[in-house]
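In case it helps, the working numbering puts the sequence shown at residues 182 to 463.
C-beta atoms are modelled at their ideal positions from N, C-alpha and C, and glycine is treated no differently.
Below you'll find the structure, written out as structure tokens, and then a few comments.
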Amino acid sequence: MTRLLTFARLVRLPNVFTATADVSVGLLAGQIGGPTAFAILGASACLYASGIVWNDYFDRKIDAVERPGRPIPSGAVSAQLARMLAIVLMISGLALAWFVSPATGWHSVALAMLILGYNAGLKSTTLGPMAMGGCRAVNVLLGFATTSVNWSLEIASATIVGIYIVGITVFARDEAGLSRRSRLTFGAAVVLTSILAAAVVPTHGSAHLYLLAALFAFLSSRAVFAWQNPHSGPVQRFVKAGILGLIVLDSALAVALAGPIGLAVLVWLLPAFALGRWVYST
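In structure tokens:
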């Protein structure tokens, strides 16, 4: 049990369900089910998990100072084993995507390249947040890869999610220590702007606005508290809320594109919250 918990922490298991929520938007909008849906969900989950393991592998020296309790610096998982796990997860994600179709396969290749680019070098540069946002945007498009949904709506959904994650990434930049208020302000502004942008996605109804309003209000309050207390605790709580809040944003987009069935995306909150009691998200 302890070993399983260690690996759950290594892959940030609660957050994996935010990746499956991303692709669920396209799957629901295109009414894709059966083996195709399961394969795409599995591909997204594996690629996301591989990215998290790559993150800890490349950051192991920094984490030894800032986060010594994480699996690799604590010695619970060796760097070699973590690297092998990241490779296996990435190959599994690619294989599942190619099993579906060349379109999903090429989307998975683009996502894998962004994941490796971010973790191997872009993370510490000014392009880091953009690369992370790009990963999420391509992940959303992976869910649309086998559908015939309006192309502009696909791009709009992916862009909104990508911008949202850019803001979360900027906000989390100094989460291990004392954050700069100017950076927190910019990150929160980007996150909240993306939520407002989701409110104008073309739709036949306005049900998605209730989800967006709740998400906007919740994250605004968390952002204000973190700005007033820019230490690791409040900042990390905003980041955790923002990561899990992505499921709500995805659900709102799914409702806008597919109708009430889009609320099904919220189901991903259940395992995310349940596992979050034992496994950290940031």
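Residue i burial status per 10 Å Cβ neighbour count (16 or more: buried)
i	result
Trp459	exposed
Ile221	buried
Lys421	buried
His464	It is not possible to answer for residue 464, since the shown part of the chain is limited to 182 through 463.
Phe419	buried
Tyr299	buried
Phe219	exposed
Ile272	exposed
Leu451	exposed
Leu425	buried
The alpha helix (DSSP H) enclosing residue i, as first and last residue numbers
i	result
Ser375	Arg362 to Ala379
His173	Because the chain spans 182 through 463 in this model, residue 173 falls outside it and cannot be assessed.
Lys421	Ser413 to Ala439
Ser329	That residue, Ser329, is in no alpha helix (DSSP H); it is neither H nor E in DSSP.
Arg403	His389 to Gln409
Leu444	It is not in any alpha helix (DSSP H) - Leu444 carries neither H nor E in the DSSP assignment.
Leu308	Run containing Leu308: none; DSSP gives neither H nor E here.
Trp235	Gly215 to Phe239
Asp203	Leu194 to Ala210
Residue closest to residue i, alpha-carbon to alpha-carbon, out of the options
i	options	result
Leu266	Ile344, Val372, Ser401 and Val192	Val192
Leu365	Asn410, Val381, Leu450 and Ala379	Asn410
Gly423	Ile346, Asn331 and Leu194	Ile346
Ala301	Thr199, Leu185 and Arg241	Arg241
Ala445	Ile233, Gln212 and Thr183	Gln212
Val319	Leu308, Asn331, Ile336 and Arg361	Ile336
Proximity below 7 Å, CB of residue i to CB of residue j
i	j	result
Leu295	Gly314	no
Gln417	Thr463	yes
Tyr238	Ala263	yes
Leu270	Ser333	no
Leu209	Ala439	yes
Phe397	Ile376	yes
Pro254	Arg190	no
Ala202	Asp431	yes
Leu390	Ala379	no
Phe188	Ala453	no
Pro195	Gly414	no
Does the stretch 338-353 come close enough to the stretch 222-234 to have 3 or more Cβ pairs within less than 8 Å?
Touching, no, given that fewer than three Cβ pairs across the two stretches are closer than 8 Å.
Below 8 Å, how does it come out for the stretch 281-293 and the stretch 314-334: are there three or more Cβ pairs, yes or no?
Taking 8 Å as the limit for Cβ pairs, the verdict is that the stretch 314-334 does touch the stretch 281-293.
Cβ contact (3+ pairs, closer than 8 Å) linking the stretch 360-379 and the stretch 243-256:
No, the stretch 360-379 is not in contact with the stretch 243-256.
State whether the stretch 422-439 contacts the stretch 354-366, with contact taken as three or more CB pairs (one from each stretch) at a distance under 8 Å.
Result no; under three Cβ-Cβ pairs closer than 8 Å.
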